[in-house]
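**Student:**
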Amino acid sequence: MIISLIGYMGCGKSHISKILSEKIDFKLIDLDKEISRRNKLTIPEIFEKKGEIYFRKLEREALEEILASEENVVLSLGGGTPVYYNNMEIINHNSKSIFLRTSVGTLVERLSKQKEKRPLIANISDEDLPEFIAKHLFERNQFYSKAQFTVGTDARNPEDIVNEIIEKLYL
């Protein structure tokens with residue numbers, strides 16, 4: 008079984024996937040880390056040197072390979088992964104998808120501290136960040152909402168979120 012965690016950057020995919028994979032004894036794959044490992048470049052470096060279109064191509068290739076795996080995997084996807092190509096369709100067809108729904112306020116609070124690590128928002132002023140996230144989230148929610156399951160993350164303990172995911176998947 009493959010469990011795919013989706014949601015906007017800063018929603019907690021990396022943190023939740025780590026706890027979930029340990030709790031259910033599944034292999035953990037972070038798609039962005041896998042792309043970085045394969046290309047020997049960080050995600051910001053790939054964006055800077057090759058551009059977003061090139062990155063999305065690499066992302067799709069890695070996604071297809073991982074979803075074709077027979078292993079038990081918790082897969083943490085990048086925030087934009089479900090938005091490109093027909094990625095959301097293949098994610099749902101080849102895995103159990105969980106949308107980690109997080110409010111704009113929580114995302115702004117988390118992401119304002121991590122801007123330099125996030126190519127998409129690195130050059131957005133703190134003042135403009137809430138509007139950018141709200142607009143971006145609105146655009147992406149049509150893809151995220153296609154996930155098979157949704158789990159809210161605002162003001163919740165990561166352990167409780169993981170337990171809810173396990174309950175929803177009947178693991």
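Residue numbering for the sequence shown follows my numbering, beginning at 8 and increasing consecutively. Just so it is clear, CB atoms sit at the ideal spot from N, CA and C, and this is done for glycine as well.
Roughly how many angstroms lie between the CA atoms of E174 and S21, to the nearest whole one?
**Tutor:** Answer to the nearest angstrom: the Cα atoms are 20 Å apart.
**Student:** Can you name the start and end residues of the beta strand (DSSP E) that K103 belongs to?
**Tutor:** Taken as a continuous stretch (DSSP letters only), the beta strand (DSSP E) holding K103 covers 103–108.
**Student:** Have a look at K153 and I73 and give me their C-alpha separation to the nearest angstrom.
**Tutor:** Looking at the two C-alpha atoms, the distance is approximately 20 Å.
**Student:** Could you please give me the residues that DSSP links to I9 through a beta bridge?
**Tutor:** According to DSSP, which records beta bridges pairwise, I9 is partnered with V80.
**Student:** Go ahead and pull the three-state DSSP assignment for T157.
**Tutor:** Looking at T157 - three-state DSSP - the assignment turns out to be strand.
**Student:** Count the C-beta pairs between the region 113–128 and the region 37–44 that are closer than 8 Å, then say yes if the count reaches three, no if not.
**Tutor:** The region 113–128 vs the region 37–44: no contact.
**Student:** Rounded to the nearest angstrom, what separates E146 and K64 at their Cα positions?
**Tutor:** Using only the alpha carbons, I get a separation of about 21 Å.
**Student:** Could you give the residue range of the alpha helix (DSSP H) that holds D167?
**Tutor:** 165–176 is the span of the alpha helix (DSSP H), which, as asked, contains D167.
**Student:** Per DSSP, which residues does L35 bridge with? Please list them.
**Tutor:** V81.
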